[in-house]
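Chemist: Here's a structure for you.
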Amino acid sequence: MPKKGAKTGGAGKQAGMTEEERLLYMQQRAQAEDEMAKRKEDMLTQFLKDKLQKEERNSAVNLHKLTQQWRAVLRQTRAAELRSDIAVLSQTFERVLDRKDSVIKCLVCDLSEAEQQSAQALRSHLECVDCLLALQKGRLASLEQQWNSGLEGLSYEFNSEREQILSQHQQECTYLEDVTFAMEQFYIEVDGEARQDYQSTRDDIKNRNIEEKHALRIQLEGTVEGLWRQFQQALRSYNEATEDRHIAFESLRTRDQRSAQEIDTQMRRLQKMQDSISALRSRLNSSQRESEGAARGLRAAREEVTLQARQLKAQLSRARAAERNQLTNLTIHSNAAAKNLQGIITKGERLLRLAEMCRKLETEHEKVLPFYTSSLTAEEESQLKANAMEPPSEELAQAMLDYSVLERFWQRYNKVLLEHLCLERERGALTQENQQLRILLRQYLDGISVSDEILRHRNPLLMVSRPTLAVQPTADAQRKRHTVIEAAHVVQRTL
1 MPKKGAKTGG AGKQAGMTEE ERLLYMQQRA QAEDEMAKRK EDMLTQFLKD
51 KLQKEERNSA VNLHKLTQQW RAVLRQTRAA ELRSDIAVLS QTFERVLDRK
101 DSVIKCLVCD LSEAEQQSAQ ALRSHLECVD CLLALQKGRL ASLEQQWNSG
151 LEGLSYEFNS EREQILSQHQ QECTYLEDVT FAMEQFYIEV DGEARQDYQS
201 TRDDIKNRNI EEKHALRIQL EGTVEGLWRQ FQQALRSYNE ATEDRHIAFE
251 SLRTRDQRSA QEIDTQMRRL QKMQDSISAL RSRLNSSQRE SEGAARGLRA
301 AREEVTLQAR QLKAQLSRAR AAERNQLTNL TIHSNAAAKN LQGIITKGER
351 LLRLAEMCRK LETEHEKVLP FYTSSLTAEE ESQLKANAME PPSEELAQAM
401 LDYSVLERFW QRYNKVLLEH LCLERERGAL TQENQQLRIL LRQYLDGISV
451 SDEILRHRNP LLMVSRPTLA VQPTADAQRK RHTVIEAAHV VQRTL
């Protein structure tokens with residue numbers, strides 16, 4: 001009821017308001033309702049947040065309690081498991097320890113046997129090395145003696161040839177010095193005579209030219225004075241009367257022509273003098289060219305002698321280089337021989353080590369009978385020994401006789417090679433048999449199993465006649481087989 005009164009009161013208020021006031025009232029009322037809704041929403045949000053925090057605290061406390069209880073249970077179960085593991089490990093450790101002790105005892109026995117074999121091999125190796133060292137020392141002594149004798153011969157030849165070349169070079173040097181001195185004296189004399197002739201000719205021409213110039217100067221001065229007097233007289237006559245100008249001009253022109261002719265003649269005389277001077281200069285140049293030609297000839301002779309001396313020096317240098325190369329080659333060959341011998345010794349030591357390692361892998365039968373039995377009869381063996389005692393006639397037989405000591409080695413090598421080939425063949429047969437067994441096993445497993453993939457293919461269960469699973473063993477498989485370790489693999493791992 002109060003709400004209705006309020007509504008009616010509000011309606012009455014709105015009825016007494018203008019349009020603008022009504023709009024303002026409606027806006028204020030909407031804002032108040034929005035603020036009220038926001039406050040309610042904020043209060044609800046704060047309440048939910050507080051409730052969520054309380055639930056989280058309770059969850060954390062409960063989780064901590066569960067974790068503590070679960071840890072206690074896990075400790076008990078884990079302790080029981082660890083006790084059982086420790087018991088198993090202790091038993092395993094004792095068993096492994098016993099096995100290691102037995103292995104150590106076996107290894108100690110093997111080590112003692114290996115030390116004995118190593119001592120025996122070392123003694124035999126030292127004996128062989130002593131023999132080889134004695135042989136090498138003898139060969140080196142003979143090579144050193146040959147090298148010293150060859151070096152002394154080369155040194156003697158080199159010193160004698162060097163003294164001969166030095167004496168010849170000294171003689172040629174004195175001869176060249178004498179020739180050079182004579183050429184220089186001759187050239188100085190020729191140059192002095194040419195200079196003296198040139199100076200005298202130059203002085204004569206210069207004096208003659210000075211005299212002619214002096215005479216021409218005197219003559220020209222007299223002519224100029226006469227012309228000057230005539231000019232003064234013509235000037236006076238011009239002043240006196242103008243009628244005589246033409247006559248005076250003509251007379252002056254003729255005189256001028258005569259003076260020009262005289263000047264021309266004097267110029268020709270001067271030209272002749274210059275021609276004579278140039279002729280004298282050409283004669284001087286020709287004499288200089290002749291002297292230069294003689295000097296060039298002397299220089300060519302000197303250069304030829306110098307070239308011969310250089311050729312002799314080059315021959316001497318080449319001879320020294322050839323001897324140096326011979327000495328270097330001899331040193332290189334000796335070093336190469338020493339290196340080859342060292343390589344042979346290293347290879348022998350490596351072979352001995354390999355033999356020791358292979359001896360450990362030999363069976364008792366191989367140790368007792370290391371060589372295969374000969375297929376020859378007694379008569380054939382006696383015939384072979386008789387042939388071996390005869391001296392060889394060919395170089396190849398002599399070379400083969402040098403390596404007759406290695407006959408036993410090649411017998412053992414061939415035996416091992418044959419055994420290796422037999423084992424390879426047996427391995428191939430076993431591999432083939434293994435593949436066949438794998439195929440049969442796969443067929444059997446496919447036959448006893450049922451699946452979509454197997455049903456798509458041929459299945460022995462769906463066949464009328466079942467194929468036999470038995471395989472006839474081969475002759476190689478029927479034989480007794482032994483486990484064999486290849487010595488080459490063991491050597492590759494140990495080296």
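Per UniProt numbering, the sequence shown starts with residue 1, numbered consecutively.
Built from N, CA and C at the ideal position, the CB exists for glycine as well.
No experiment lies behind these values; they were computed from the predicted model shown.
1) Would you report the Cα separation of R162 and S317, rounded to the nearest angstrom?
2) With a cut-off of 8 Å, do at least 3 Cβ pairs link the segment 219–229 to the segment 320–337?
3) Thinking C-beta only, is T174 closer than 9 Å to R302?
4) Report the three-state DSSP secondary structure of E362 (helix, strand or coil).
5) Got a sec? Which residues, its chain only, sit under 7 Å from E20 by beta carbon, not counting five neighbours each side?
6) To the nearest angstrom, report how far apart A429 and T363 are at their CA atoms.
7) Roughly how many whole angstroms lie between the Cα atoms of A72 and V103?
8) Assuming V305 and L176 form a contact by the criterion Cβ under 8 Å, report the distance between their Cβ atoms to the nearest whole angstrom.
9) Any idea what DSSP makes of M36, helix, strand or coil?
10) By DSSP, does E17 sit in helix, in strand, or in coil?
11) Measure the C-alpha to C-alpha separation of S382 and R350 and round it to an integer number of angstroms.
12) How long is the line joining the alpha carbons of E433 and R427, rounded to whole angstroms?
13) Give me the residue from Q76, T67, Q435, S155 with the minimum Cα distance to A319.
14) CB D197 to CB S291, shorter than 9 Å?
15) Which value, in whole angstroms, describes the spacing of the CA atoms of Q171 and T346?
16) Quick one, are the C-beta atoms of F158 and E323 less than 9 Å apart?
17) For Q326, which of K40, R412, R139, G150 has the nearest alpha-carbon?
18) Considering only their Cβ atoms, is the gap separating R258 from Q230 smaller than 9 Å?
19) Would Q117 and E356 be called neighbours here (beta carbons separated by less than 9 Å)?
20) Would you check if there are 3 or more beta carbon pairs closer than 8 Å linking the segment 269–277 to the segment 205–219?
21) Check each candidate in Q435, L135, F93, L227 and name the one with the smallest Cα separation from L252.
22) Relative to the C-alpha of R353, which residue among R29, Q120, N148, A338 is closest?
23) What does a CB cutoff of less than 7 Å around T468 pick up in its chain, not counting 5 residues either side in sequence?
24) Measure the Cβ-Cβ separation of L284 and A194 and say whether it is below 9 Å.
25) Using a 10 Å radius around the Cβ and a threshold of 16 neighbouring Cβ atoms, would you call M17 buried or exposed?
26) When you compare the CB positions of H169 and L341, do they come within less than 9 Å of one another, or not?
Modeler: Quick answer:
1) 11 Å
2) no
3) no
4) coil
5) none
6) 24 Å
7) When rounded, the separation of the alpha-carbon atoms in A72 and V103 is 46 Å.
8) In this structure, V305 and L176 form a Cβ contact; the two beta carbons are roughly 5 Å apart against a cut-off of 8 Å.
9) helix
10) Reading off the sequence shown, one finds Met at residue 17, where the question assumed Glu. M17: coil per DSSP, three-state reduction.
11) 36 Å
12) 10 Å
13) S155
14) In this structure, S291 does not lie closer than 9 Å to D197 by Cβ.
15) 60 Å
16) yes
17) G150
18) no
19) yes
20) The segment 269–277 is in contact with the segment 205–219.
21) L227
22) Q120
23) In this prediction, T468 scores a pLDDT of 44, lower than 50, which makes its location untrustworthy; the coordinate-derived value is nonetheless stated afterwards. If we look at T468 and ignore the five residues flanking it on each side, it has no Cβ neighbours.
24) In this structure, L284 sits near A194, with a CB-CB distance shorter than 9 Å.
25) Flag for M17 reads exposed.
26) It is not a contact, given that the beta carbons lie outside the stated cut-off.
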